[in-house]
Every structure is written in C-alpha cells, then in structure tokens.
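Colleague: Mapped onto this note's numbering, the consecutive letters of the sequence shown carry residue numbers 23 to 470. Just so it is clear, CB atoms sit at the ideal spot from N, CA and C, and this is done for glycine as well. Just so you know, these numbers come straight off a predicted model, no measurement behind them.
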Amino acid sequence: MAGFDYDLFVIGGGSGGVRAARIAAGEGGARVGLAEESRMGGTCVIRGCVPKKLMVYASEFAELIEEARAFGWAISEGRFDWARFLGSLEAELNRLEAAYRGTLKNAGVTIHDARAVLEDAHTVRLSTGERFRAKHILIATGGRPFVPPVPGADLAVTSNEMFHLGALPRRALVVGGGYIASEFACILNGLGVQVTQAYRGDAILRGFDDEARAHVAAGMVAHGIDIRLNSDVSRLEQAEGGIRAEGLGEFDLVLYATGRLPNTEGLGLEALGVEIGARGQIVVDAWSQTAVPSIYAVGDVTDRVNLTPVAIREGHAFADTVFRGVPTKADHETIASAVFTQPEMGTVGLSEEAARKLGPVQIYSTTFRPMRGAFAGQPDKVLMKLVVAADSRKVLGCHIVGPDAGEMIQLAAIAVKIGATKEDFDRTVAVHPTMAEELVTMRKPVRS
Ligand code: NDP
Numbered sequence: 023m024a025g026f027d028y029d030l031f032v033i034g035g036g037s038g039g040v041r042a043a044r045i046a047a048g049e050g051g052a053r054v055g056l057a058e059e060s061r062m063g064g065t066c067v068i069r070g071c072v073p074k075k076l077m078v079y080a081s082e083f084a085e086l087i088e089e090a091r092a093f094g095w096a097i098s099e100g101r102f103d104w105a106r107f108l109g110s111l112e113a114e115l116n117r118l119e120a121a122y123r124g125t126l127k128n129a130g131v132t133i134h135d136a137r138a139v140l141e142d143a144h145t146v147r148l149s150t151g152e153r154f155r156a157k158h159i160l161i162a163t164g165g166r167p168f169v170p171p172v173p174g175a176d177l178a179v180t181s182n183e184m185f186h187l188g189a190l191p192r193r194a195l196v197v198g199g200g201y202i203a204s205e206f207a208c209i210l211n212g213l214g215v216q217v218t219q220a221y222r223g224d225a226i227l228r229g230f231d232d233e234a235r236a237h238v239a240a241g242m243v244a245h246g247i248d249i250r251l252n253s254d255v256s257r258l259e260q261a262e263g264g265i266r267a268e269g270l271g272e273f274d275l276v277l278y279a280t281g282r283l284p285n286t287e288g289l290g291l292e293a294l295g296v297e298i299g300a301r302g303q304i305v306v307d308a309w310s311q312t313a314v315p316s317i318y319a320v321g322d323v324t325d326r327v328n329l330t331p332v333a334i335r336e337g338h339a340f341a342d343t344v345f346r347g348v349p350t351k352a353d354h355e356t357i358a359s360a361v362f363t364q365p366e367m368g369t370v371g372l373s374e375e376a377a378r379k380l381g382p383v384q385i386y387s388t389t390f391r392p393m394r395g396a397f398a399g400q401p402d403k404v405l406m407k408l409v410v411a412a413d414s415r416k417v418l419g420c421h422i423v424g425p426d427a428g429e430m431i432q433l434a435a436i437a438v439k440i441g442a443t444k445e446d447f448d449r450t451v452a453v454h455p456t457m458a459e460e461l462v463t464m465r466k467p468v469r470s
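#1: Can you tell me whether Leu270 sits near the ligand NDP, meaning its C-beta is under 7 angstroms from at least one heavy atom of the ligand?
#2: Can you name, in chain order, every residue of its own chain whose Cβ lies under 7 angstroms from the Cβ of Met393, other than the five neighbours on each side?
#3: Report the residue from Gln303, Ile298, Ala434 and Pro349 whose alpha carbon sits nearest the alpha carbon of Ala360.
#4: Nearest-angstrom Cα distance between Ala509 and Met464?
#5: On a CA-only basis, which of Ala57, Glu429 and Thr218 is nearest Glu152? Give me that one, please.
#6: Between which residues of its own chain and Thr450 is the CB-CB distance below 6 angstroms, once the five residues before and five after are set aside?
#7: Assign Arg192 to buried or exposed, taking buried as 16 or more other Cβ atoms, counted over all protein chains shown, within 10 Å of its Cβ.
#8: I need the DSSP call for Ile298, collapsed to helix, strand or coil.
#9: Quick one: measure Cβ to Cβ for Thr324 and Ile304, integer angstroms, because I've assumed they're closer than 8 angstroms.
#10: Closest to Leu277 by CA distance: which of Gly290, Met184, Thr369 and Thr330 is it?
#11: Can you check DSSP and say which residues form a bridge with Gly75?
#12: Given Ile247, which residues of its chain have a CB within under 8 angstroms of its CB, disregarding the five upstream and five downstream residues?
#13: Gly64 and Gly34: beta carbons closer than 8 angstroms?
#14: With respect to 7 angstroms, is the separation between the Cβ of Arg41 and the closest non-hydrogen atom of the ligand NDP below this value?
#15: Closest by CA to Ile317, which one among Leu329, Arg301 and Val296?
#16: Opposite Val344 in the DSSP bridges: which residues?
#17: Which residues bound the alpha helix (DSSP H) around Asp448?
#18: Judging by CA-CA distance, which residue of Ser37, Tyr28, Ile45 and Arg101 is the nearest neighbour of Gly347?
#19: Quick one, which of Leu177, Gly290, Val78 and Phe340 has its alpha-carbon nearest Ile265's?
#20: Got a sec: does the ligand NDP put a non-hydrogen atom nearer than 7 angstroms to the Cβ of Asn328?
#21: From the DSSP output, in three-state form, read off Ile161 for me.
#22: Going along the chain, which residues of its own chain have a beta-carbon closer than 6 angstroms to the beta-carbon of Leu160, five neighbours each way excluded?
#23: Can you say whether Arg335 is buried or exposed, counting buried as having 16 or more other CB atoms within 10 angstroms of its CB?
#24: Considering only heavy atoms of the ligand NDP, does any lie closer than 7 angstroms to the CB of Val238?
#25: Taking the beta carbon of Pro349 as the centre, do at least 16 other beta carbons fall within 10 Å, making it buried, or is it exposed?
#26: Which runs of the beta strand (DSSP E) spanning at least 3 residues fall entirely within the stretch 45-118, listed in chain order?
#27: Just confirm the distance between the C-beta atoms of Arg117 and Ile133, as a whole number of angstroms; I'd bet it's less than 8 angstroms.
#28: Quick one: is the Cβ of Glu459 within less than 7 angstroms of any heavy atom of the ligand NDP?
#29: I'd like the span of the beta strand (DSSP E) that includes Arg257, first residue to last.
#30: Within the continuous alpha helix (DSSP H) that includes Gly428, where are the two ends?
#31: With DSSP as the reference, label His237 as helix, strand or coil.
#32: Could you check what DSSP says for Asp29 in three-state terms: helix, strand or coil?
#33: Take Gly50 and list the residues in its own chain whose beta-carbon comes closer than 7 angstroms to its own, dropping the five residues that flank it on each side.
#34: How should Glu366 be labelled, buried or exposed, when 16 other C-beta atoms within 10 angstroms of its C-beta is the threshold for buried?
#35: Within the present structure, is the beta-carbon of Arg235 separated from the nearest heavy atom of the ligand NDP by less than 7 angstroms?
See below:
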C-alpha cells in the first residue's frame with residue numbers, strides 16, 4: 023500500500039502479537055513489523071505459564087520420592103539445588119525465545135527490539151527514534167502485576183521476580199487468593215519453603231466452582247500450607263528477623279499476587295481516541311477493533327479472558343479477518359482452564375453456583391482416593407464433578423481436582439463444548455483403571 027512502511031505493525035511480542043504477526047505475514051502475505059521492548063515470547067513464555075509450569079514440576083519431586091519408596095524403591099531424599107534449576111530454566115527460556123524469533127523471521131516479520139508508542143492512527147515511534155507508518159496497528163502489550171499501595175509494599179516481590187530469586191526463602195508469605203497466588207504457594211511449599219497464604223476473602227480461587235475450590239484448598243492445607251482467610255495485609259515492615267506482616271508474623275519473602283493490570287500507560291492511546299476502560303484496558307469490539315478503525319488490540323491488554331490460548335485465538339482471528347479475507351470472531355464461550363496448584367484443578371463451563379442461577383440442575387460428584395495414591399498411603403482425594411441441566415440433560419460444567427486434572431479437562435472440554443448430555447457421557451465406555459473413568463460412571467445425582 024503506497025505511503026505505508028508496513029501493512030501491519032504489532033506492538034508486543036507475546037502470545038497474541040506473535041500469532042497475529044505470523045499469520046498476517048505468512049499466510050496473509052502482509053508486510054509486518056513487530057516491536058518488543060523486553061524478551062520475545064511475552065508473559066507466558068518468559069515470566070508466566072512456561073517457567074511456572076517447570077517450577078511446578080520441580081516442586082513435585084519431593085512427594086514423588088516418597089511415593090517411589092512406597093512402591094518399593096530404595097531412594098534417599100537428595101537435595102534440591104535452586105541455582106542449578108534456575109540455570110536450566112534460563113537455558114530453556116533462551117531456547118524458546120529463539121524459537122519465537124525464528125518463527126517470526128521465517129514468516130517474514132521484521133522484528134524491532136524496541137519500545138513502540140503511537141503518534142497517530144497510522145504511525146508508531148520506536149525508542150530507537152525510528153518512525154513507521156502502518157495501515158493497521160495491533161496492540162498486544164499484555165499486562166503487569168498489580169500491587170496494592172500498602173505501606174512497605176516495596177519490600178514485596180511479584181510473580182515477575184519469582185523466576186530470579188537469588189535463593190529460596192525459608193518462610194514465605196503469599197498475598198492473594200487467585201491463580202498466581204495459589205500456584206506459587208504450592209510451588210514454594212513443594213520446594214520445602216514454609217508457606218503462609220493470606221487471602222482477604224473467605225475462600226481462595228473466587229469464581230471457580232465452590233466445591234472444587236474447597237477441595238483444592240483442603241488439599242493445599244493438608245500439604246502444609248497455612249492459609250489465612252479474611253486476612254488483609256495492611257502494612258509490611260522490615261524487622262530484624264525478616265519482613266513483618268501485621269498479624270501474620272515474619273517472613274524472608276513476601277509475594278504479592280493480587281491481580282494484573284493491562285499495559286496501556288504511555289502508549290499515547292487516549293489522545294488518539296482509543297477508548298480505555300476502568301481497569302486501564304483497551305476497549306474493543308468482537309473483532310478486536312478499537313474506536314479508531316486502524317487500531318486493533320488482542321490479549322491481556324483488552325482484559326477479556328486473560329489466558330494465553332485466548333490471546334492466541336484473538337490474534338489469529340484478527341489476522342484471518344483483516345489479512346486473509348476470512349472474517350472470524352474469537353469465541354469466548356466455554357473456555358477450559360487449569361490451575362496448577364497441588365492438587366491441580368481443571369475446569370470447563372459453569373460452576374454449580376452459576377448454573378443454578380440459570381435453571382434447575384442435577385449435580386453428579388464423587389471424591390475418591392486414586393489407586394496410585396492409595397497404594398502409596400497418601401491421603402489426597404480426587405474430585406470429579408459434572409453440573410447437568412435438569413431439563414436438557416446437557417453437561418454445563420465439568421470440574422476435576424487431582425493429578426493431571428489439566429490434561430483431563432482438555433478432553434472433557436470437547437464434549438462440553440459440543441453440548442454433550444449426561445447420557446452421552448454415560449454411553450462412553452470407561453477406560454479402566456483410570457481416574458477419568460469416574461466421569462462416565464457416576465450414575466445418580468448427589469443433589470438437584
Ligand atoms: P486473579 O484476579 O486471579 O486474583 C487476584 C487475587 O488477588 C484475588 O484473590 C483477589 O481477591 C486478590 N486481590 C486483588 N486486589 C487485592 C487487594 N487490593 N488486596 C488484597 N488482595 C487483593 O489474579 P492473578 O494475579 O492470580 O492472575 C492474573 C490472571 O492471570 C488471571 O486472571 C488468569 O487469567 C491468569 N493466569 C492464569 C493461570 C492459569 O491458567 N493456570 C495461571 C496464572 C495466571 P478477590 O478474590 O477478593 O478479588
């Protein structure tokens with residue numbers, strides 16, 4: 023297009039931005055530039071899902087060693103080497119970052135390692151001083167941790183710093199009750215840290231099915247995490263023995279995981295007429311288009327459903343629509359997700375509480391000790407739960423707590439997404455002996 027340096031300029035090299043750039047350039051044949059001010063890969067790859075999951079794996083071995091003993095292995099405890107783990111983690115992140123760069127380059131995307139801001143509806147200015155004109159601009163700048171402004175908050179770290187700690191603390195306080203707080207509480211606990219989790223509400227993991235979140239919390243407590251409910255940390259102070267949190271004690275590390283905010287500050291958006299919402303998010307329509315027709319936004323910066331696979335779908339749908347002539351809206355209905363706590367939770371569809379608001383339901387739910395854990399003498403129980411519409415018999419929600427719940431829910435999600443009924447589940451023959459077979463063998467509702 024005459025007068026434009028690029029057909030598309032993407033700001034942000036995370037999950038959403040990279041997918042959009044790759045599809046627009048590779049399959050759409052567009053001239054695409056992408057600016058990233060930090061490391062390529064964004065939150066998920068560099069300081070979120072990926073390093074977090076690797077830490078979850080690292081933290082599970084203490085229990086696995088116990089289990090191995092119960093299965094007849096003569097194994098001694100060993101010692102966890104944090105520095106060695108971090109070294110391997112860094113090497114893996116470097117590999118992934120290089121893979122992301124390679125994918126973009128192969129698709130023909132020009133990468134600019136710089137911060138970009140908008141000058142007008144078609145112009146971006148980079149921190150290098152360069153300016154580019156683009157027919158379309160996609161903002162995919164993600165989010166950042168939010169720490170409430172309590173006195174002494176600067177003594178705390180956020181999830182960003184968790185992947186670079188010089189040493190593991192002896193005692194840690196985790197503030198918050200969401201995904202990130204609960205996952206890190208379990209990771210630290212598994213690595214041998216004494217963990218207190220302080221949450222302002224009366225049950226962690228608000229928004230998830232009540233029975234499932236209670237099951238997760240009970241498991242976390244059984245594994246040694248001290249969960250303090252209705253506990254708001256009003257100040258932090260540096261004391262001689264560590265960081266003091268009123269009413270909770272002294273800690274070597276305080277982690278705040280109290281939500282995330284969209285990265286929209288300083289981009290020059292409001293002056294251009296891009297609408298910004300109450301949480302600082304970019305307001306977009308179902309096509310991810312902002313109030314300025316040439317400017318689009320995807321991923322956490324739009325604060326819709328803040329998950330990597332959703333950002334990828336949004337980025338892909340945008341590129342299909344604008345550069346491939348295939349109008350596509352990202353589908354935000356019935357998105358499965360997993361919380362990598364210990365025990366793990368996988369969930370798709372409606373919670374029992376949300377479903378009850380829509381109409382009569384029947385609840386099928388069972389808890390049991392899985393074969394492997396029972397053999398090893400572990401107390402942990404698995405929860406399998408189906409929320410079924412009483413009239414249509416459709417499975418509205420599926421909630422699993424237990425080992426590999428994330429893997430199981432991905433498959434159950436296909437059935438729930440296509441509207442399978444309880445009878446469809448039931449005529450599926452069980453795979454035996456597994457935990458997941460309980461999903462197709464629950465015969466009677468436990469309540470209506
Ligand atoms: P969440 O919004 O899930 O949780 C924030 C937590 O902090 C809530 O417990 C909230 O309490 C509490 N909180 C908020 N403000 C304050 C405050 N001022 N003082 C005290 N507590 C406060 O955010 P996360 O940071 O855990 O995660 C951010 C997003 O990242 C999630 O929405 C999720 O989409 C994504 N994510 C997904 C993961 C996965 O899929 N496994 C893993 C990690 C992150 P309250 O409940 O009372 O509001």
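Modeller: To lay it out plainly:
#1: No, the ligand NDP has no heavy atom inside 7 angstroms of this Cβ.
#2: Excluding sequence positions up to five before and after Met393, its CB lies within less than 7 angstroms of the CB of Pro455, all in the same chain and listed in chain order.
#3: Here the closest residue by C-alpha is Ala434.
#4: Nothing can be reported for residue 509: it is not among the residues displayed for the chain, which extend from 23 to 470.
#5: Nearest Cα to Glu152 within the set Ala57, Glu429 and Thr218: Ala57.
#6: Taking C-beta separations shorter than 6 angstroms and ignoring five residues to either side along the sequence, the partners of Thr450 in its chain run Val462, following chain order.
#7: Arg192 should be labelled exposed.
#8: In this structure, DSSP gives Ile298 an extended state, which the three-state scheme calls strand.
#9: Contact check for Thr324 and Ile304: beta-carbon distance about 5 angstroms, within the 8 angstroms limit, so the pair qualifies.
#10: For the residues Gly290, Met184, Thr369 and Thr330, the minimum Cα distance to Leu277 belongs to Met184.
#11: The sequence given here has Lys at residue 75, not Gly. For Lys75, which the question treats as bridged, DSSP gives no partner whatsoever.
#12: Taken in chain order, the residues that qualify are Ala207, Cys208, Asn211, Val217, Thr218 and Gln219.
#13: Yes.
#14: For Arg41, the shortest C-beta to heavy atom distance toward the ligand NDP is 7 angstroms or greater.
#15: Of the listed residues, the one whose Cα sits closest to Ile317 is Val296.
#16: Val344 has no beta-bridge partner at all, per DSSP.
#17: Looking at the DSSP string, the run of the alpha helix (DSSP H) that includes Asp448 is Lys444 to Asp448.
#18: Selected option, being the one with the closest Cα: Ile45.
#19: With distances taken between Cα atoms, Ile265 lies closest to Leu177.
#20: In this structure, the C-beta of Asn328 approaches the ligand NDP to less than 7 angstroms from one of its heavy atoms.
#21: It is a strand residue.
#22: Answer for Leu160: Val32, Ala42 and Tyr318, listed in chain order.
#23: Around the beta carbon of Arg335, a 10 Å sphere encloses 16 or more other beta carbons of the protein chains shown; the residue is thus reported as buried.
#24: Flag unset: Cβ of Val238 not near the ligand NDP.
#25: Taking all protein chains in view, the Cβ of Pro349 is surrounded by fewer than 16 other Cβ atoms within 10 Å, so the residue is classified as exposed.
#26: Qualifying beta strand (DSSP E) stretches, in chain order: 54-57.
#27: Their Cβ separation, rounded to whole angstroms, is 17 angstroms, which puts Arg117 and Ile133 out of contact at 8 angstroms.
#28: No; taking the cut-off as 7 angstroms, the Cβ of Glu459 has no heavy atom of the ligand NDP nearer than that.
#29: Counting along the chain, Arg257 sits inside no beta strand (DSSP E), nor does DSSP assign it H or E at all.
#30: Where Gly428 is concerned, the enclosing alpha helix (DSSP H) stretches over Ala427 to Lys439.
#31: Three-state result, His237: helix.
#32: Under the three-state reduction of DSSP, Asp29 is assigned to strand.
#33: These residues qualify, in order along the chain: Ala341, Phe345 and Arg346.
#34: Classification of Glu366: buried, given that the 10 Å Cβ count is 16 or more.
#35: Arg235 Cβ: outside cutoff for every heavy atom of the ligand NDP.
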